[in-house]
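S.K.: full-length UniProt numbering applies: residue 1 is where the sequence shown begins, and numbers increase by one. Glycine included, C-beta positions come from ideal geometry on N, C-alpha and C. Just so we're clear, the structure is a prediction, and the values are computed from it rather than from any experiment.
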Amino acid sequence: MRDFDPNGATQVVFGGSGFIGTHLLGRLRAAGAARIVSLDLRPPARPVAGVDYRIGDVRDLSGLTLPGPVPRIFNLAAVHTTPGHAPWEYYDANVRGAREVARFAARQGCGQIVFTSSISVYGPDEAAKDESTAPAPVSDYGRSKRIAEDLHRDWLEADPDRRLVIVRPAVVFGLGEGGNFTRLARMLEKGIFVYPGRRDTIKSCIHVADLLDWMLAAADLRERSVLFNGAYANRYTIEEIVETFRRVAFPKARTAMLPAGVLKTAAAALRPISATGLGIHPERIEKLMISTNILPLWAEAAGLATRDRLEPALRAWRAAGGGRFL
């Protein structure tokens with residue numbers, strides 16, 4: 001395998017305007033990367049100084065050519081909200097995008113791709129899943145990510161000097177997330193959180209800074225192929241997550257329980273309405289009661305998955321947001 005200094009040449013980030021991408025660009029700049037190119041469909045909400053931002057579509061990179069070597073590519077681009085898109089959209093963006101990134105990497109003589117997949121490739125059930133668990137995706141998003149993984153592996157196998165890192169993140173939280181953890185914080189900020197059906201649902205998660213630590217550590221190894229789950233070793237339940245939020249910022253917030261039977265009835269009743277395109281998705285209701293029980297065995301073996309990280313991570317997020325979970 002070729003040795004290279006990733007900070008001495010161009011690094012490319014596909015999907016750099018997104019949540020994880022924005023944090024990654026900041027990390028690369030702080031590490032002294034000589035040149036960073038970010039390509040995304042939309043401009044960044046929080047631009048990082050010194051990054052060469054380009055508007056483009058990962059589904060067609062035929063017109064993208066960069067001078068000089070490109071030793072490392074980060075492929076974060078994806079259609080990921082599920083449900084929320086037509087089935088074909090996941091394959092169109094995630095599979096076509098993976099194929100185009102692999103072709104671009106081959107044209108540029110790239111030595112390494114770091115690809116963010118998803119724990120959705122494992123499928124939804126209560127069983128614990130580590131990196132050796134056979135993928136069994138159920139959603140179109142999960143299936144599209146599974147295919148995308150294989151396309152990146154095809155690129156790897158075409159040249160013995162290439163290297164590949166695939167990360168399967170669980171719920172990632174932090175400044176600019178705007179997702180499940182942000183919504184949870186907003187509810188607690190208003191004074192009450194209602195547990196959806198159960199308190200013991202495992203919701204594997206990781207702070208974006210910790211995820212990037214693991215990604216960059218994996219990328220800097222001289223291993224030809226690395227696959228790892230991006231999730232804390234503790235496997236926090238929703239109750240543990242809520243109680244940690246309360247300790248950190250919302251000691252006066254109350255909690256209540258909405259019975260599982262009520263949620264299931266609501267999901268069944270809303271299913272016909274969801275077909276009308278009104279934005280009501282019963283699958284989201286059902287997902288609330290299913291654990292994401294993810295084991296980060298690779299990170300534990302590498303000495304990266306230190307325990308009890310949730311509380312300090314929430315405190316860091318709050319500090320970065322000026323006292324709020326922004």
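Give a yes or no on whether the C-beta atoms belonging to Leu76 and Gly18 are separated by under 8 Å.
M.R.: Result yes, Cβ atoms of Leu76 and Gly18 sit closer than 8 Å.
S.K.: Could you say if the segment 191-207 and the segment 234-244 meet the contact criterion of at least three C-beta pairs nearer than 8 Å?
M.R.: Judged by Cβ distances under 8 Å, the segment 191-207 makes contact with the segment 234-244, as three or more pairs qualify.
S.K.: When burial is assigned at 16 or more other CB atoms within 10 Å of the CB, is Ser118 buried or exposed?
M.R.: With 16 or more Cβ atoms within 10 Å of its Cβ, Ser118 is classed as buried.
S.K.: Alpha carbons only, please: which of Arg72, Arg107 and Arg143 is nearest the one belonging to Ala78?
M.R.: Minimum Cα distance to Ala78 is reached at Arg143.
S.K.: Thinking C-alpha only, which one of Ser62, Ala30, Gln11 and Asn94 is nearest Tyr53?
M.R.: Here the closest residue by C-alpha is Gln11.
S.K.: How many Å lie between Lys145 and Gly123 at the Cα?
M.R.: Going by the C-alpha atoms only, they are around 12 Å apart.
S.K.: Take Val95 and list the residues in its own chain whose beta-carbon comes closer than 8 Å to its own, dropping the five residues that flank it on each side.
M.R.: Around Val95: Ser144, Ile147, Ala148 and Leu151.
S.K.: With 16 as the cutoff for other CB atoms within 10 Å, does Val138 come out buried or exposed?
M.R.: That one is exposed.
S.K.: Of all the beta strand (DSSP E) runs that stay within the bounds of the segment 144-197, which reach a length of 3 or more residues?
M.R.: The qualifying runs are 163-169, 171-173 and 192-197.
S.K.: Within this structure, are the beta carbons of Arg162 and Val248 separated by less than 8 Å?
M.R.: Against a cut-off of 8 Å, the Cβ pair of Val248 and Arg162 comes out as no contact.
S.K.: Distance check for Met289 and Arg35, CA to CA, integer angstroms please.
M.R.: So the two alpha carbons sit approximately 44 Å from each other.
S.K.: Residue 327 to Arg168, Cα distance in whole Å?
M.R.: Residue 327 cannot be examined here, being either before or after the span of the chain that is shown, 1 to 326.
S.K.: Can you give me the C-alpha to C-alpha distance between Thr182 and Pro160, rounded to a whole angstrom?
M.R.: So the two alpha carbons sit approximately 43 Å from each other.
S.K.: Work out the CA separation of Thr292 and Cys205 for me, nearest whole Å.
M.R.: If I take the Cα positions, the gap works out to 9 Å.
S.K.: Relative to the C-alpha of Trp298, which residue among Ala231, Gly323 and Thr255 is closest?
M.R.: That would be Ala231, whose Cα lies nearest to the Cα of Trp298.
S.K.: Extract the residue ranges of the beta strand (DSSP E) inside the segment 56-121, only unbroken runs of 3 or more that lie entirely within it.
M.R.: DSSP runs (the beta strand (DSSP E)) wholly in the segment 56-121: 72-75 and 112-116.
S.K.: For Gly56 and Gly261, what's the separation of their Cα atoms in angstroms?
M.R.: Using only the alpha carbons, I get a separation of about 46 Å.
S.K.: Is Arg254 helix, strand or coil when you go by DSSP?
M.R.: The answer is strand: DSSP assigns Arg254 an E or B state.
S.K.: Can you list, in chain order, the stretches of the alpha helix (DSSP H) that have 4 or more residues and sit fully within the segment 16-62?
M.R.: Complete alpha helix (DSSP H) runs here, min 4: 19-30.
S.K.: Tell me which residues share the same chain as Ala49 and place their Cβ nearer than 8 Å to its Cβ, disregarding the 5 neighbours each side in the sequence.
M.R.: Only Arg29 meet the Cβ criterion.
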